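Participant: So the sequences go chain by chain: A and B.
Residues in the first sequence are numbered from 10 upward in steps of one, following the numbering used here.
Residues in the second sequence are numbered from 10 upward in steps of one, following the numbering used here.
Just so it is clear, CB atoms sit at the ideal spot from N, CA and C, and this is done for glycine as well.
Bear in mind that the values here come from a model prediction, so they are computed numbers and not experimental data.
There are 2 protein chains.
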Amino acid sequence: MTAGTLVPVFAALGDETRWSILAALGEGDASASALAGRLPVTRQAIAKHLSVLQEVGLVESVRVGREVRYRVLGAQLSETARRLEAIGAEWDRRLAAIKEIAEGL
Amino acid sequence: MTAGTLVPVFAALGDETRWSILAALGEGDASASALAGRLPVTRQAIAKHLSVLQEVGLVESVRVGREVRYRVLGAQLSETARRLEAIGAEWDRRLAAIKEIAEGL
DNA sequence: AATTGATGCAATCATTCAGTTGCAGATCAC
DNA sequence: GTGATCTGCAACTGAATGATTGCATCAATT
């Protein structure tokens with residue numbers, strides 16, 4: 010269901026413009042040209058960002074006639090969040106264990 | 010408790026070397042020099058990465074004599090995961106609503 | 001105090017990347 | 001078919017960044 014590697018997803022999410030695109034797509038599916046009308050960047054720049062987002066599984070595209078509509082995939086975000094939560098919890102567990110040892114409990 | 014902006018945290022997590030550092034720190038607190046002994050990059054490169062990680066609240070540092078020890082903060086990861094999950098769920102909710110409308114349910 | 005080991009700062013280099021412009025190709029409307 | 005519109009590819013530019021080397025500084029050990 011989800012992409013293999015985790016790091017590229019974070020790299021994709023580490024850009025303000027891409028979040029603007031995701032936010033705009035959150036209002037409803039749209040094409041690169043339509044997004045270019047709402048954001049202060051060119052269509053080609055948006056097309057590149059959409060390509061990045063699609064490669065990591067954050068959006069999907071559907072061809073409708075002569076335009077290509079993009080849609081946000083929330084499931085990938087949830088999956089990423091789940092894996093991140095697991096890692097964070099593991100580290101906190103270790104820290105707690107160390108603290109217990111240090112305090113002689 | 011956590012840093013303000015979300016995007017820089019993702020940018021910080023979007024680098025393989027920084028994950029190597031986080032993984033190494035997961036085995037126990039360490040200094041930049043100690044990490045340089047375990048990873049295939051120079052101490053200065055690691056120092057820069059640690060600076061980035063510290064700025065977004067993923068690690069904290071404690072001075073111990075002449076060395077500076079770094080520790081992973083799992084709480085920031087968990088916090089980031091929570092916010093990500095919330096966004097993903099919201100998007101999926103909207104998608105489901107749109108799909109229902111489209112299918113005339 | 002002299003030496004050793006650790007951090008910090010600065011300059012440099014190569015690569016990556018976000019963004020642009022320009023043009024060619026494809027598809028709908030008329 | 002002709003024109004308008006949307007996509008796709010390619011080349012280019014400028015800025016950000018990952019990584020390096022070199023040197024200065026500061027603290028602990030002897």
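Just how far apart, CA to CA, sit B/GLY37 and B/ALA45?
Facilitator: Whole-angstrom Cα-Cα distance: 14 Å.
Participant: Which parts of the region 60-113 of chain B are runs of the alpha helix (DSSP H), unbroken and 4 residues or longer, counting only runs that do not cross its ends?
Facilitator: List check, alpha helix (DSSP H) in window: 83-112.
Participant: Can you tell which of B/GLN63, B/ASP24 and B/LEU22 has its C-alpha closest to the C-alpha of B/ALA41?
Facilitator: Closest by alpha carbon: B/GLN63.
Participant: Got a sec: is the Cβ-Cβ distance from A/PRO49 to anything in chain B below 9 Å?
Facilitator: With 9 Å as the cut-off, A/PRO49 does not count as an interface residue toward chain B.
Participant: Under 9 Å, do A/VAL81 and A/VAL65 count as touching if we go by C-beta distance?
Facilitator: No, the pair does not count as a contact, with Cβ atoms beyond the cut-off.
Participant: Could you spell out where the alpha helix (DSSP H) holding A/GLU25 opens and where it closes?
Facilitator: 25-35 is the extent of the alpha helix (DSSP H) around A/GLU25.
Participant: Check this for me: beta carbons of B/ALA20 and A/ALA90, under 9 Å apart or not?
Facilitator: For B/ALA20 and A/ALA90, no; Cβs fall outside 9 Å.
Participant: Would B/SER29 and A/ALA98 qualify as a contact pair, given that the criterion is a beta-carbon distance under 9 Å?
Facilitator: Against a cut-off of 9 Å, the Cβ pair of A/ALA98 and B/SER29 comes out as no contact.
Participant: Taking its Cβ as the centre, do 16 or more other Cβ atoms sit within 10 Å of B/ILE96, making it buried, or is it exposed?
Facilitator: It is buried - the Cβ of B/ILE96 has at least 16 other Cβ atoms within 10 Å.
Participant: For the alpha helix (DSSP H) that contains B/VAL16, what are its first and last residues?
Facilitator: Its alpha helix (DSSP H) spans residues 16-22.
Participant: List, in chain order, every chain B residue whose beta-carbon is nearer than 8 Å to that of A/ILE96.
Facilitator: Per Cβ cutoff of 8 Å: GLY83 and LEU86.
Participant: Would you list, in chain order, the members of the region 46-76 of chain A that have their beta-carbon closer than 9 Å to a beta-carbon of chain B?
Facilitator: Going along the region 46-76 of chain A in chain order, one finds no residue with a Cβ nearer than 9 Å to chain B.
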